[in-house]
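Here the structure is laid out as structure tokens; the discussion comes afterwards.
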Amino acid sequence: MRTLPRLSICLSVLALALAASPAWAAKRVSTDPFTNTDSQHATEVEPDTFAFGSTVVGAFQTGRFFDGGSSDIGFATSQDRGKTWVHGFLPSITVNSTPAGPYDRVSDPSVAYDAKHGAWLILSLPLNGGSGKAVVVSRSTDGGLNWSAPVTVSTTTGFYDKTWIACDNTKTSPHYGHCYATWDDANAGDLLLTSTSTDGGLSWGAKKTTANNAAGLGGQPLAQPNGDVVVPVLSAFADRILAYKSTNGGTSWRSSTTVATISDHGVAGNLRTEPLPSAEVDAAGKVYVVWHDCRFRSGCASNDIVMSTSTNGTTWTSPVRIPIDPTSSTVDHFIPGLAVDRNSSGSTARLALTYYFYPSANCTQSTCKLSVGFVSSVDGGTSWSAAQTLAGPMTMSDLADTSQGLMVGDYISTSFAGAKAVPIFAIAKAKSGSAFDEAMYASKLLVTALQPRPLRVTDEPVLSLQGDRVRRSHPLVTP
């Protein structure tokens with residue numbers, strides 16, 4: 001087994017006496033230490049998480065550039081189900097890493113664990129300038145505390161985007177120990193690409209397309225217990241959620257099918273958003289996918305979070321509305337991060353959903369108030385808890401700025417560690433002069449204790465689909 005180089009990581013065990021005030025029901029798990037003058041400090045955005053056993057690992061952009069990417073990928077690891085955390089930054093990727101790597105910047109982190117090979121994996125997208133030039137994976141074999149120099153999955157002279165990773169951790173699966181990396185080739189119209197590793201991320205196979213050369217971005221691979229892999233993804237024109245699958249361990253990928261069309265209310269306040277999916281799978285192989293959508297709101301006045309499910313990745317249920325607020329409310333919900341407890345299934349599946357929201361969809365950059373919300377279900381999404389506010393309100397001018405709007409991330413994430421749902425998300429506090437204070441925070445929520453006022457998905461009438469959105473002809477989301 002390879003010895004992983006130790007990092008001079010801030011293994012400041014954030015046993016966080018940084019615990020939050022009542023208005024901020026979260027604790028800080030990392031902060032931006034970089035000082036390079038070409039990106040914005042102190043900013044951390046766009047987390048993904050994964051949990052296995054008692055360990056939770058999160059990864060996120062640190063030191064956001066205006067036109068794409070960040071100074072480095074940060075990580076935060078808890079080995080006690082979110083009670084205490086250590087944090088640091090991945091080595092050998094960018095010129096700002098320690099030791100330094102060959103790329104200018106890095107973006108789009110995603111986390112997985114390969115149980116067969118005992119390896120934690122963080123997939124990311126290195127950039128030169130504002131263009132994604134490679135897909136790489138960093139490995140840890142000591143529980144997410146120390147990380148290797150990156151292994152290259154694929155490189156391009158063009159423009160890669162939106163990386164994601166997952167592994168098959170079912171011991172009885174014929175493809176146990178296979179890990180799947182997905183991304184898109186923006187220069188080829190967002191052509192969807194996938195590569196497979198069978199040795200814990202040490203080597204990767206050739207990149208593969210789907211049988212119909214499907215295009216899209218933000219695909220999230222999910223390994224079902226039978227070994228099939230389903231990948232929900234946003235279409236290239238952001239007008240539908242698609243899904244494609246492999247039944248042979250990533251040797252080939254079938255043609256994509258439509259999960260549902262999308263109608264989304266343009267999020268106000270110059271906030272960077274797209275209706276990217278967040279997807280998870282339960283113990284029986286049922287796939288759940290959520291995104292923000294305005295189909296249940298009269299005149300498409302604001303977004304709900306909606307959900308569709310499938311047992312085979314080919315046929316999908318009609319989207320249902322997660323009833324966070326009444327359809328008569330002014331609340332706008334977006335950027336969801338869904339968790340499904342992989343030890344539960346069917347009518348007793350435990351679901352947890354973190355999301356951002358505005359109390360009023362009709363706001364401006366100077367008046368929008370951004371907060372983080374949370375709801376949960378213990379019956380597979382049939383009913384949901386009353387909503388909790390985990391953080392906020394935030395002032396928009398305190399968020400990192402990008403060429404596509406102010407940024408907390410194109411995605412956030414929630415994972416189950418035992419009975420606890422552990423979301424990680426960006427919180428921006430008031431600037432000190434021109435210096436930001438946007439960092440990563442985590443909460444630990446006992447889902448079974450959050451059912452005081454259940455709201456059922458059938459409580460609200462289904463309104464006709466009314467779309468008011470105007471899309472770019474090619475809605476490329478830059479890294």
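According to the numbering used here, the sequence shown is numbered sequentially starting from 1.
By construction, the Cβ of each residue, glycine as well, lies at the ideal position given by its N, Cα and C atoms.
Note that the structure is predicted; figures quoted are calculated from it, not measured.
Short Cβ contact (8 Å threshold) for Glu44 with Ala435: no
Member of Ala59, Ser70, Asn36 and Val56 whose CA lies at the smallest distance from the CA of Thr402: Ser70
Within the stretch 189 to 229, ranges of the beta strand (DSSP E) (whole runs, at least 3 residues): 191 to 197
His292 to Ser278 span [Cα, whole Å]: 10 Å
Segments assigned beta strand (DSSP E), at least 3 residues, entirely inside the stretch 86 to 160: 86 to 89, 105 to 114, 119 to 128 and 131 to 140
Check whether Ala352 and Ala339 have beta carbons under 8 Å apart: yes
Straight-line Cα distance separating Ser97 from Ser376: 38 Å
Rounded separation between Gly433 and Thr354 - CA only: 30 Å
Beta-carbon spacing of Ala181, Ile165 below 8 Å: yes
Pairwise C-alpha distance: Val135 and Ser110: 11 Å
Val153 versus Ser195 - alpha carbon distance: 7 Å
Assigned secondary structure, Asp398 (DSSP; H/G/I helix, E/B strand, else coil): helix
Backbone secondary structure at Ala339 - three-state DSSP: strand
Per-residue burial, Val95 [other beta carbons within 10 Å of its own, 16 or more giving buried]: exposed
CB-CB length for Gly132 against Leu125, believed under 8 Å: 5 Å
Ser308 (DSSP reduced to helix, strand or coil): strand
For Asn343 and Ser329, the rounded distance between their alpha carbons: 35 Å
Length of the line joining the Cα atoms of Pro221 and Val289: 11 Å
Run of the beta strand (DSSP E) containing Gln61, from where it starts to where it stops: Thr55 to Arg64
Sequence-distant residues of its chain with Cβ nearer than 6 Å to Phe89 (five each side left out): Asp72 and Gly74
Through-space distance from Ser371 to Ile412, alpha-carbon basis: 13 Å
Length of the line joining the Cα atoms of Phe34 and Ser360: 35 Å
Of the listed residues Thr209, Asn213 and His178, nearest to Thr198 (C-alpha basis): His178
Residue from Leu445, Asp410 and Gly392 with nearest C-alpha to Ala430: Gly392
Coarse secondary structure for Tyr176, derived from DSSP in three states: coil
Assigned secondary structure, Ser298 (DSSP; H/G/I helix, E/B strand, else coil): helix
Backbone secondary structure at Thr348 - three-state DSSP: helix
Helix, strand or coil at Ala166 [DSSP, three-state]: strand
Element boundaries [beta strand (DSSP E), containing Gly405]: Gly405 to Met407
Pro393 Cβ short of 7 Å to the ligand SAM heavy atom set: No copy of the ligand SAM occurs in the structure displayed, which carries no ligand at all.
DSSP state of Ala51 mapped onto helix, strand, coil: strand
Burial state of Gly337 (16 or more Cβ within 10 Å): buried
Contacting residues, own chain, Cβ-Cβ under 8 Å from Ala225 (five flanking each side not counted): Correcting the residue identity first, residue 225 is Pro in this sequence and not Ala. Result list for Pro225: Thr170, Thr172, Ser173, Ala283, Ala284 and Gly285, in chain order.
For Thr258, the first and last residue of its enclosing beta strand (DSSP E): Thr257 to Thr261
Simplified DSSP state of Arg456, which is helix, strand or coil: At Arg456, the pLDDT of 42 sits below 50, so the modelled position is not reliable and the matter cannot be decided from this model.
Terminal residues of the beta strand (DSSP E) in which Lys171 lies: Counting along the chain, Lys171 falls outside any beta strand (DSSP E), and DSSP gives it neither H nor E.
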